[in-house]
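Quick note: the sequence shown uses this note's numbering, first residue 1, plus one each step. Beta carbons: idealized from backbone N, C-alpha and C, even for Gly. Worksheet: one structure, shown below.
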Amino acid sequence: MGHGLREIKVAVVTGASGGVGRATVRQLARPGVAIALLARGRAGLDAAAEDVRAAGGHAVPIEVDMADYHQVAAAGQRVEDELGPIDVWINVAFSSVFAPVQQIRPEEFRRTTEVAYLGYVYGTLVALEHMTPRDRGTIVQVGSALAYRGIPLQAAYCGAKHAIVGFTEALRCELLHDKSNVKVTMVHLPAMNTPQFSWLLSRLPRHAQPVPPIYEPEVAARSIVAAAARPGRRAYWVGTPTALTILGNRLVPGLLDRYLGRTGYDSQQTDQPVGPDQPANLWQPADGAGGHDFGAHGAFTDRSLRHSPQAWLSRHRMVSVAGVAGLLFGVLAWRRT
């Protein structure tokens, strides 16, 4: 089995019904692996459970609002009772608003923060409650390049992602202090072709889109599962745009401010107007009323990349280092002959 999945017997994935969460569920699913699927929408949850079963795994779909700690805690206890000790908890679930700051209402900022930030905190607390007494387990926080670089029209989302980084770094220090064998790592993503651009609340005049280059969610899922199996690293960066964004913000943040102020509005919108019937999942799941399964992919498949050489090299860092070292050794040996 790839990625060391022999050690993963019970996994929890939040936001499992669609997008990156759904792709991660599919990547994890195989015989011998039980996956608890946490999300709000019933249609997406049921379809994700069928994905797991079709791959030979065991699925337990649980309707949960990640903004409610008591629901998350109850879900965690159910997983332990029905499936056994949780090996991996993967936080993916989020919601947000596409709009300029002054067009986002206070209650929408609060709700976004409760789902996209506190949902991670609550999931982490529940995972720690079960993992700490056993002194083993892994928590994976799925983040974004926007955890380090804010962009216009996504202030609520960027704020939540920045907060997750601060929370996770503080937690990692505490785990090191306690000499705990519980591991926590982050996976930061580029622009992804997921359904979020068709279901997030938007006040933009035109349909929202990810900033190109765009990647298919399977690219993210491969790195998330690799991080779950090898959580010793602080973070995984997925895609060259993520690496360039994070590094660029460290070196020339003011230049990026001006560049994004000039280009960030148009680059995040298509030429098409927002449809009058577009759902908004901030308060209710997008698949709630019509029972529609949105799946893992969004509307930009024809423009999306299925592979990332940078992500592959990141996942196989030791292989890459060994290969470079071998090449250098060979060159030195050749020069001596």
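Residue 281 is a Cβ neighbour of residue 201, given a cutoff of 9 angstroms.
Residue 253 sits in a helix when the DSSP states are folded into three classes. Annotation for residue 90: the continuous beta strand (DSSP E) segment containing it runs 88 to 91. Contact check between the segment 93 to 100 and the segment 51 to 63: fewer than three CB pairs, one atom from each, fall below 8 angstroms, which does not count as touching.
Annotation: residue 146 to residue 215 spans about 15 angstroms, alpha carbon to alpha carbon.
Straight through space, the alpha carbons of residue 256 and residue 123 are spaced by roughly 33 angstroms. Under a 10 Å Cβ-count criterion, residue 189 is classified as buried, with 16 or more other Cβ atoms of the shown protein chains found around its own Cβ. The secondary-structure analysis by DSSP pairs residue 283 with nothing; it has no beta-bridge partner. By a beta-carbon distance limit of 8 angstroms, residue 155 does not contact residue 139. Their separation comes to about 26 angstroms.
Contact between the segment 55 to 64 and the segment 17 to 35 is present, with at least three C-beta pairs closer than 8 angstroms. Per DSSP, the unbroken alpha helix (DSSP H) holding residue 74 starts and ends at 69 to 83. In this chain, residue 183 is not harboured by any alpha helix (DSSP H); it is covered by the beta strand (DSSP E) spanning 182 to 189. As summarised for the segment 200 to 263, the continuous beta strand (DSSP E) elements at least 3 residues long and confined to that stretch are 206 to 208 and 235 to 237, given in chain order. Residue 314 sits in a helix when the DSSP states are folded into three classes.
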